[in-house]
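Quick note: the sequence shown, position 146, residue 146 per the UniProt record's numbering, numbers continuous.
Each remark here refers to the structure printed beneath this line.
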Amino acid sequence: MNEVLNNILTRRSIRAFKKEQIKDDELEMILKAGIYAPSGMNKQSWQFTVVQNKEKIEALAKVVREELGRDEGYNFYAPPTLIMLSNERDNNNGLADCSCALENIFLMANSLGIGSCWINQLKTICDNKKVRELLNEFEIPENHIVWGMASIGYPEKPGVEHERKEGTIKYIR
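As structure tokens, then:
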């Protein structure tokens, strides 16, 4: 099988990570894959914010829990690394750009045996006071929306394979 297609077909969302931090060279490859994603009009107006400080990840999860009324255990699945992708608020392609970058991140991580999971709670609460205070601490610009985050780490257990829905492809010839 084609190795790119195999990587796509074997990627799973991982929701349990080992505490061990990923290696710096692995992180650099993952980030490089992300920044080589397409962006509308090639603006590349995104920012990739990498958080590897456990206390800071927990602080962000706590604020998100409080803002969204999530249960006490919600913690982005306790990843050793959290990559936050933000883009300019007035960029009409911001969500699409960050989504493309996230997929590259997920696929690169999978190719290295590293697990990942898409976290998307911040996009609607970026401007809530407590959230914005933390985003400011993380040096995410005021004019940015965090469109998505990637929880990244070595998998504690394998992800679950899900069946694909039938009838989602239509050919017009």
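The C-beta atom is built at its ideal place from N, Cα and C for all residues, glycine as well.
Subject >> Beta-bridge pairing of Leu82 - partner residues as DSSP gives them >> reply: Val51, Ser151
**OP:** Taking all protein chains shown into account, decide if Gln113 is buried (16 or more other Cβ within 10 angstroms of its Cβ) or exposed.
**Re:** Looking at the sequence shown, residue 113 is not Gln but Gly. With fewer than 16 other Cβ atoms within 10 Å, it is exposed.
**OP:** To the nearest angstrom, report how far apart Ser86 and Asn104 are at their CA atoms.
**Re:** 15 Å
**OP:** Taking only the alpha-carbon atoms, compute the straight-line gap between Tyr74 and Trp46 and give it to the nearest angstrom.
**Re:** 27 Å
Original post:
Just reading off the beta strand (DSSP E) that Ser13 is part of, what are its end residues?
Top reply: Looking at the DSSP string, Ser13 is not in any beta strand (DSSP E), and its letter there is neither H nor E.
Original post:
Is the CB-CB distance between Ile152 and Ile57 below 9 Å?
Top reply: no
**OP:** Label Thr81 either buried or exposed according to how many other C-beta atoms from any shown protein chain fall within 10 Å of its C-beta, with 16 as the threshold for buried.
**Re:** buried
**OP:** State the CB to CB distance for the pair Ile119 and Phe76, rounded to an integer number of angstroms; the pair is presumed to be in contact (CB under 8 Å).
**Re:** 5 Å
Original post:
Ser45: beta carbon under 8 Å from a heavy atom of the ligand GDP?
Top reply: Only the bare structure without any ligand can be found here, which leaves the ligand GDP out of the picture.
Subject >> First and last residue of the uninterrupted beta strand (DSSP E) at Cys117 >> reply: DSSP places Cys117 inside the beta strand (DSSP E), whose first and last residues are 115-119.
Original post:
Looking only at its own chain, which residues have a Cβ that is under 8 Å from the Cβ of Glu72, when we skip the five neighbours before and after it?
Top reply: Arg65
Original post:
So, using beta-carbon positions, are Lys157 and Ala16 closer together than 9 Å?
Top reply: yes
Original post:
Comparing alpha-carbon positions, which option in Cys126, Ile8, Asp127, Asn42 lies nearest Asn92?
Top reply: Scanning Cys126, Ile8, Asp127, Asn42 for the CA closest to the CA of Asn92 turns up Asn42.
Original post:
Exposed or buried, Asp97, counting other C-beta atoms within 10 Å across all chains shown (16 or more means buried)?
Top reply: The Cβ neighbour count for Asp97, taken over all protein chains shown within 10 Å, is at least 16; the residue is labelled buried.
**OP:** Just the C-alpha distance for Leu9 and Cys100, rounded to the nearest angstrom, thanks.
**Re:** 17 Å
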